[in-house]
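Visitor:
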Amino acid sequence: MPQIIPFKTTHYSDRYSAELDKLITPPYDIISPAEQEAFYKAHELNVIRLVLGKELQSDSNGSNRYTRASDTLKTWLKEGVLAVDERPGFAVYRMDFEQPGGGRRSIDGFVALVKVDDYGKGKVLPHEKTYKGPKADQLNLLRACRAHFTPIHSLFPDDDATVVNTYSRFIQGKPFRETVDADGTIHQVWIIHDEDAIATIQNALESKSIFIADGHHRYETALAYKQERIAAGDSSPDGPHEWVMMYLTAMNHPGLLILPAHRMVTGLKNFDPSRMEEALAAYFEIEMVCFSEQNREEVSAQLVERIRSYSDIGGKFGMVIQGENCFRLLRLKDFGKVDAAMDADIPSSLRGLDVTILREIIMNFGLGMDKENCEGQIAYTPLISEALSKALNGEYQVSFILNPTRVDQMRTAAELGHKLPHKSTYFFPKISSGLVFNVFR
Numbered sequence: 065m066p067q068i069i070p071f072k073t074t075h076y077s078d079r080y081s082a083e084l085d086k087l088i089t090p091p092y093d094i095i096s097p098a099e100q101e102a103f104y105k106a107h108e109l110n111v112i113r114l115v116l117g118k119e120l121q122s123d124s125n126g127s128n129r130y131t132r133a134s135d136t137l138k139t140w141l142k143e144g145v146l147a148v149d150e151r152p153g154f155a156v157y158r159m160d161f162e163q164p165g166g167g168r169r170s171i172d173g174f175v176a177l178v179k180v181d182d183y184g185k186g187k188v189l190p191h192e193k194t195y196k197g198p199k200a201d202q203l204n205l206l207r208a209c210r211a212h213f214t215p216i217h218s219l220f221p222d223d224d225a226t227v228v229n230t231y232s233r234f235i236q237g238k239p240f241r242e243t244v245d246a247d248g249t250i251h252q253v254w255i256i257h258d259e260d261a262i263a264t265i266q267n268a269l270e271s272k273s274i275f276i277a278d279g280h281h282r283y284e285t286a287l288a289y290k291q292e293r294i295a296a297g298d299s300s301p302d303g304p305h306e307w308v309m310m311y312l313t314a315m316n317h318p319g320l321l322i323l324p325a326h327r328m329v330t331g332l333k334n335f336d337p338s339r340m341e342e343a344l345a346a347y348f349e350i351e352m353v354c355f356s357e358q359n360r361e362e363v364s365a366q367l368v369e370r371i372r373s374y375s376d377i378g379g380k381f382g383m384v385i386q387g388e389n390c391f392r393l394l395r396l397k398d399f400g401k402v403d404a405a406m407d408a409d410i411p412s413s414l415r416g417l418d419v420t421i422l423r424e425i426i427m428n429f430g431l432g433m434d435k436e437n438c439e440g441q442i443a444y445t446p447l448i449s450e451a452l453s454k455a456l457n458g459e460y461q462v463s464f465i466l467n468p469t470r471v472d473q474m475r476t477a478a479e480l481g482h483k484l485p486h487k488s489t490y491f492f493p494k495i496s497s498g499l500v501f502n503v504f505r
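Structure follows, in structure tokens:
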């Protein structure tokens with residue numbers, strides 16, 4: 065059986081194609097409460113009602129945001145708000161977007177169903193750790209709705225460009241769906257029904273690994289759901305619980321962009337900056353870079369450039385502590401000393417990664433954080449301005465600025481079977497919810 069199959073896509077019906085900008089959202093896990101409210105107000109049929117419904121004080125086991133999402137999905141299908149394609153196919157999805165810092169860029173791939181299997185048993189490989197909370201939430205939604213609303217973003221090797229060349233032949237004409245979101249990103253979708261093209265793509269990927277880029281929680285949710293269904297006696301090898309919807313992009317695509325996921329930390333008990341510096345001085349040179357209200361932006365921009373200058377070398381970080389008017393610039397003294405301080409289960413080739421050094425040395429030794437029990441203590445943002453301001457205004461105790469993890473580093477971790485710290489990558493732009501659904505039948 066192929067590890068990738070076409071499916072009958074579900075999507076907003078033709079009569080709503082001109083309003084898609086008011087109907088789609090980013091993935092649920094980057095939507096703030098204020099954005100959730102804005103999406104509710106944008107349109108009565110906005111997909112937010114499915115992916116991240118509101119919680120009510122009157123919620124109970126029998127009536128809650130998961131049951132409301134299920135009822136809404138059934139109503140939208142019955143009333144023709146959503147339409148189902150008559151034939152299975154792949155959905156080619158392209159995004160043309162503005163890069164942070166300026167300049168347009170585009171990325172494309174295709175949406176298909178991928179076989180769900182345990183990590184290591186199948187061809188799907190993870191690269192970072194997950195939290196329990198989001199998986200419990202997504203499992204409740206999957207149980208209630210029996211549908212995938214947002215594709216998991218994954219990468220595949222395509223050195224000879226067989227896959228990209230095959231689907232690219234079908235995206236020269238007018239898109240099946242096209243819209244522009246609030247950030248100016250152009251989203252375009254084409255549906256491929258050509259059986260020869262589908263077979264070519266399936267054959268090209270049959271023996272290749274698939275690397276999860278963004279959506280580890282959703283993949284592990286799909287795996288948990290599959291195990292539940294099998295335990296309940298549903299052993300059909302091609303049942304809907306055996307598959308998960310993915311957006312698959314070539315690993316060498318020139319449009320791939322990974323942003324850094326800066327860390328913002330709270331919940332530190334008896335936090336003492338001087339003791340932290342003492343603990344870190346054995347590993348880092350620590351430079352204080354102070355600023356005034358007048359030159360804060362200029363100084364922070366200079367700090368960021370100094371960190372970026374080490375993107376190929378690694379080992380340089382920015383640190384901001386709440387209420388202070390100084391940045392700390394941390395530069396690793398000796399990679400060998402850090403290597404010796406790492407846990408033995410971390411492969412040597414991954415010990416020099418910035419996300420590993422930050423988690424294992426700075427947060428562990430410097431902040432005394434329990435790396436196995438820190439859910440809720442760390443927030444993540446690709447925006448340097450947010451990381452800086454939320455520490456300086458006291459919303460978080462400390463923020464860390466770092467360089468992004470590269471695709472080759474992500475691939476190495478996945479192939480070695482080692483999970484990097486949570487949110488080690490931030491792929492940009494994010495895939496929209498609401499363009500393509502997979503509703504079980």
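Position 230 of the sequence shown, counting from 1, maps to 294 under our numbering, and the rest follow consecutively. Built from N, CA and C at the ideal position, the CB exists for glycine as well.
(1) Should the segment 113-129 be regarded as contacting the segment 151-159, the criterion being three or more beta carbon pairs within less than 8 Å?
(2) For glutamine 252 and serine 232, what's the separation of their Cα atoms in angstroms?
(3) Less than 8 Å separating the beta-carbons of alanine 261 and phenylalanine 234?
(4) Which two residues bound the contiguous beta strand (DSSP E) that contains glutamine 252?
(5) If you run the structure through DSSP and keep just helix, strand and coil, what is arginine 151?
(6) Following the continuous beta strand (DSSP E) through lysine 179, name the residue where it begins and the one where it ends.
(7) Does the distance from the C-beta atom of threonine 89 to that of phenylalanine 71 stay below 8 Å?
(8) Could you name the residues of the same chain whose beta carbon sits closer than 6 Å to that of asparagine 110, not counting the 5 residues immediately before and after it, in chain order?
(9) Phenylalanine 464 and phenylalanine 381: beta carbons closer than 8 Å?
(10) Tell whether a beta-carbon distance below 8 Å holds between valine 308 and valine 178.
(11) If you drop the 5 nearest sequence neighbours on each side, which residues of the same chain put their C-beta closer than 6 Å to that of isoleucine 274?
(12) Would you call the segment 310-325 and the segment 474-491 in contact, with 3 or more CB pairs under 8 Å?
(13) Under three-state DSSP, which class holds methionine 383?
(14) For the alpha helix (DSSP H) that histidine 281 lies in, which residues bound it at each end?
(15) For the segment 278-296 against the segment 326-344, are there 3 or more C-beta pairs whose distance is under 8 Å?
(16) Compute the Euclidean distance between the alpha carbons of methionine 310 and proline 91, then round it to the nearest angstrom.
(17) Between the Cα of proline 215 and the Cα atoms of Ala208, Leu84, Gly173, which residue gives the shortest distance?
(18) What are the boundary residues of the beta strand (DSSP E) that includes phenylalanine 391?
(19) Going by C-alpha distance, which of Asp409, Ala443, Leu394, Gly400 is nearest isoleucine 426?
(20) Helix, strand or coil: how does DSSP classify glutamate 362 here?
(21) Given that a residue counts as buried once 16 or more other Cβ atoms are within 10 Å of its Cβ, and exposed if not, what is isoleucine 276?
(22) If you run the structure through DSSP and keep just helix, strand and coil, what is phenylalanine 492?
(23) Taking the Cβ atom as the reference point for each residue, do phenylalanine 501 and histidine 75 lie within a distance shorter than 8 Å?
(24) Look up tryptophan 140 in the DSSP assignment and give the residues it is bridged to.
(25) Mind pulling the alpha helix (DSSP H) runs of 4 or more residues that sit fully within the segment 85-111?
(26) Please name the residue in Glu150, Thr469, Asp85 whose C-alpha comes closest to that of threonine 73.
(27) Buried or exposed, going by whether 16 or more other CB atoms sit within 10 Å of the CB of leucine 447?
(28) Are the CB atoms of threonine 131 and leucine 513 within a distance shorter than 8 Å?
(29) Alpha carbon to alpha carbon, how far is glutamate 108 from cysteine 390?
(30) Helix, strand or coil for alanine 82, going by three-state DSSP, please let me know.
(31) Roughly how many whole angstroms lie between the Cα atoms of glycine 430 and glycine 379?
(32) Of the residues Ile250, Gln100, Ile265, which one's Cα is nearest the Cα of serine 170?
(33) By alpha-carbon positions, which one of Ser77, Glu351, Ile68 ends up nearest to leucine 499?
(34) In angstroms with no decimal places, state the Cα-to-Cα distance between aspartate 398 and lysine 196.
(35) For glycine 165, which of Gly481, Val368, Leu312 has the nearest alpha-carbon?
(36) Hey, leucine 120 and threonine 136: beta-carbon distance below 8 Å or not?
Guide: Walking through what the data contain:
(1) Because the criterion of three Cβ pairs below 8 Å is not met, the segment 113-129 and the segment 151-159 do not touch.
(2) Between the alpha carbons of glutamine 252 and serine 232 lies a gap of roughly 13 Å.
(3) yes
(4) 250-256
(5) coil
(6) Where lysine 179 is concerned, the enclosing beta strand (DSSP E) stretches over 168-179.
(7) Not closer than 8 Å, so no.
(8) Leu87, Phe103
(9) yes
(10) yes
(11) Lys187, Val188, Ser218, Phe220
(12) yes
(13) Correct three-state label for methionine 383: strand.
(14) 280-295
(15) no
(16) Looking at the two C-alpha atoms, the distance is approximately 13 Å.
(17) Gly173
(18) 390-396
(19) Taking only the C-alpha atoms, the option nearest isoleucine 426 is Leu394.
(20) Glutamate 362: helix per DSSP, three-state reduction.
(21) buried
(22) coil
(23) yes
(24) For tryptophan 140, which the question treats as bridged, DSSP gives no partner whatsoever.
(25) 97-106
(26) Glu150
(27) exposed
(28) The structure shown does not extend to residue 513, since the chain is modelled only from 65 to 505, so the question has no answer here.
(29) 47 Å
(30) helix
(31) 15 Å
(32) Ile250
(33) Ser77
(34) 35 Å
(35) Val368
(36) no
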